[in-house]
Amino acid sequence: MFSTVFLQLLAGFRQTLAVFFLTLFFSIPLGLVICFGSMSRFTPLRWVTRGFVWVIRGTPLMLQLIIIFYGPGLMFGLTGLVSRFQATIVAFSINYACYFSEIYRGGIESIPKGQYEAGQVLGMTKNQIFFRVVLLQVIKRITAPMGNEIITLVKDTSLARVIGIYELIWAGESFIKKGLIWPLFFTGVYYLVFSGLLTILLDKLDKKLGYFRG
Amino acid sequence: MAVLDVKNIKKGFGEADVLKGVSFSLEEGQVLAIIGSSGSGKTTLLRCLNFLETADEGEIWVKGKQLLSQSEKEIRENRLHFGLVFQNFNLFPQYTVLENITLAPNLLKRGTVAENKIKAEELLQKVGLSHKADSYPHQLSGGQQQRVAIARALALNPEILCFDEPTSALDPELTGEVLRVIRGLKNGGNTMIVVTHEMEFARQVADMVMYMADGVIEEMGPPEQVFGNPQSEKTRAFLRNALDNTWEE
Numbered sequence: 004m005f006s007t008v009f010l011q012l013l014a015g016f017r018q019t020l021a022v023f024f025l026t027l028f029f030s031i032p033l034g035l036v037i038c039f040g041s042m043s044r045f046t047p048l049r050w051v052t053r054g055f056v057w058v059i060r061g062t063p064l065m066l067q068l069i070i071i072f073y074g075p076g077l078m079f080g081l082t083g084l085v086s087r088f089q090a091t092i093v094a095f096s097i098n099y100a101c102y103f104s105e106i107y108r109g110g111i112e113s114i115p116k117g118q119y120e121a122g123q124v125l126g127m128t129k130n131q132i133f134f135r136v137v138l139l140q141v142i143k144r145i146t147a148p149m150g151n152e153i154i155t156l157v158k159d160t161s162l163a164r165v166i167g168i169y170e171l172i173w174a175g176e177s178f179i180k181k182g183l184i185w186p187l188f189f190t191g192v193y194y195l196v197f198s199g200l201l202t203i204l205l206d207k208l209d210k211k212l213g214y215f216r217g
Numbered sequence: 270m271a272v273l274d275v276k277n278i279k280k281g282f283g284e285a286d287v288l289k290g291v292s293f294s295l296e297e298g299q300v301l302a303i304i305g306s307s308g309s310g311k312t313t314l315l316r317c318l319n320f321l322e323t324a325d326e327g328e329i330w331v332k333g334k335q336l337l338s339q340s341e342k343e344i345r346e347n348r349l350h351f352g353l354v355f356q357n358f359n360l361f362p363q364y365t366v367l368e369n370i371t372l373a374p375n376l377l378k379r380g381t382v383a384e385n386k387i388k389a390e391e392l393l394q395k396v397g398l399s400h401k402a403d404s405y406p407h408q409l410s411g412g413q414q415q416r417v418a419i420a421r422a423l424a425l426n427p428e429i430l431c432f433d434e435p436t437s438a439l440d441p442e443l444t445g446e447v448l449r450v451i452r453g454l455k456n457g458g459n460t461m462i463v464v465t466h467e468m469e470f471a472r473q474v475a476d477m478v479m480y481m482a483d484g485v486i487e488e489m490g491p492p493e494q495v496f497g498n499p500q501s502e503k504t505r506a507f508l509r510n511a512l513d514n515t516w517e518e
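See the structure below:
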């Protein structure tokens, strides 16, 4: 009995993991692109980017999922343009990239001007200053807020069910029809174990960057 | 021939004219001390020379060649004529002392990695910090950090080494070690410009002293003249305050 439930929940958890990892894979670099847009010296680009971030952060992820999956079909008659899973990854990646971009921006803006100037007077290019001087300091400063977002993402994956992704909560809920409520509660154990592992990993990263101050 | 010729540099920020036409020249191996109260434009002058600010007007000539700043590449090349040691050191916290010194020469491909390491070790010896090569900046005192910053600037062999109030962020007992290093560089023939509040240091080490007030050079000459027999009333008033260490009535 337990093993049946366990295995079926595992099937849902596999989808949860897929959404989680693919979202991180796309949103972490996309966030950097959005971040550069929101810090651009070209004013129109800066305002368009910040407006976009405002819309994405200001509306529910659930609504964004629905719009991205159903929108193309309902508005332009383009049915079957994206699969449920693709729509999920697109919506999650854009949503999280916007949050990440703001964390990156805060991190980059917190680096003292003197670090850039020290690189400049040593004849370094802008790219060299960013990648060889500033970036690691930014990473150190943003590990805590990034950790928060990443832990939130673990649980947000459950929203994907609104467009029909068979993730962990849905897997647990499907046992209710058979008169079993505990499998739904048991999904919590999966989330807890997984976020616990992530917490340990993030702590390790934090310790690894603890060798310097700044 | 002068190693540096500065002609009529002007710089304003918004409404404020910070530099109102500054001209001077510097001979090879000379040490120029720039003194003056805060807001007199001395730091801005140094930042213009290092192209951290772009002068609105005026010319900068190094060894008979005018430095133009049309492109980013030109600006980068111009900067390499000068070195700058900051008030707040600005070491790179994630790199060891040795890596701080070798980073730029390695990125600029100034020599092989091995050559740059040997050169960095020599420079560390020069500033008396060979034993700290593998330390990180936060493990050093302010005076030690500033000496590393000096070694880092020297690693690129600048023709003119600039210091922006190099001891102002230091505890009083740590200023001596930094000033001794700068004095040692003078004896080694380095051309230097030092913005400083240390009047005694300026008097002893500088070949020329420039007193700046309100964005112009109020007075400039050998230290014996500027300190011993200042011509301008403003200079006299400044020196009276600066040299008067007593605070009692």
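Protein sequences appear in the order of chains A and B.
Take the first sequence: its position 214, counted from the start at 1, is 217 in my numbering, and no numbers get skipped.
Take the second sequence: its position 77, counted from the start at 1, is 346 in my numbering, and no numbers get skipped.
For glycine and all other residues, C-beta sits at the position ideal for the given N, C-alpha and C.
According to the DSSP assignment, Met-78/A belongs to the alpha helix (DSSP H) that extends over 64-79. Taking C-beta separations shorter than 7 Å and ignoring five residues to either side along the sequence, the partners of Ala-324/B in its chain run Ile-278, Lys-279, Lys-280, Cys-317, following chain order. For Phe-351/B, DSSP records a beta bridge to Ile-429/B. DSSP, reduced to helix, strand and coil, places Ser-41/A within a helical segment of the structure shown. The three-state reading of DSSP puts Glu-487/B in strand, counting E and B together. Residues of chain A whose Cβ lies closer than 9 Å to the Cβ of Ala-383/B do not exist, since the nearest Cβ in that chain is about 19 Å away. Within the region 189-216 of chain A, Leu-212, Tyr-214, Phe-215, Arg-216 place their CB atoms closer than 9 Å to a CB of chain B, listed in sequence order. At the C-beta level, Ile-166/A and Ala-90/A come within 8 Å of one another.
From the beta-carbon of Arg-348/B, the residues of chain A found nearer than 7 Å are Gln-123, Val-124, Gly-126. DSSP places Ala-373/B inside the alpha helix (DSSP H), whose first and last residues are 366-376.
For Leu-377/B, the closest alpha carbon among the candidates Gly-122/A, Glu-105/A, Gly-109/A, Leu-204/A is that of Gly-122/A.
Listed along the chain, the chain B residues whose CB falls inside 7 Å of the CB of Gly-117/A are Phe-355, Asn-357, Asn-359. In this chain, the beta strand (DSSP E) harbouring Asp-286/B covers 285-295.
In the displayed model, Phe-178/A falls within coil according to three-state DSSP, outside both helix and strand. Closer than 8 Å to the CB of Pro-362/B there is at least one CB belonging to chain A.
Take Glu-152/A, set aside five residues on each side of it, and the residues of its chain with a beta-carbon closer than 8 Å to its own are Tyr-99, Tyr-102, Phe-103, Ile-106, in chain order. Within the same chain, and ignoring the five residues on either side of Thr-160/A in sequence, the residues whose Cβ sits closer than 7 Å to its Cβ are Thr-19, Val-22, Phe-23, Glu-170. Around His-400/B, no beta-carbon contact reaches into chain A at under 8 Å, the shortest distance being about 19 Å. Taking a C-beta distance under 8 Å as the contact criterion, Asp-483/B and Leu-315/B do not qualify as a contact pair. When secondary structure is reduced to three states using DSSP, Phe-282/B falls in the strand class. The count of Cβ pairs closer than 8 Å, one atom from the region 47-57 of chain A and one from the region 121-138 of chain A, stays below three, leaving the stretches out of contact.
When the five nearest sequence neighbours on each side are left out, the beta carbons in the same chain lying within less than 7 Å of the beta carbon of Phe-320/B are those of Ser-338, Ile-344, Asn-347, Arg-348, in order along the chain. Taking a Cβ-Cβ cut-off of 7 Å, the neighbours of Ala-373/B in chain A comprise Leu-125, Gly-126, Met-127, given in sequence order. Using a Cβ distance threshold of 8 Å, Phe-507/B and Ser-306/B count as a contacting pair. In the DSSP assignment, Lys-334/B is bridged to Val-331/B. At least one CB of chain A lies nearer than 8 Å to the CB of Gly-352/B.
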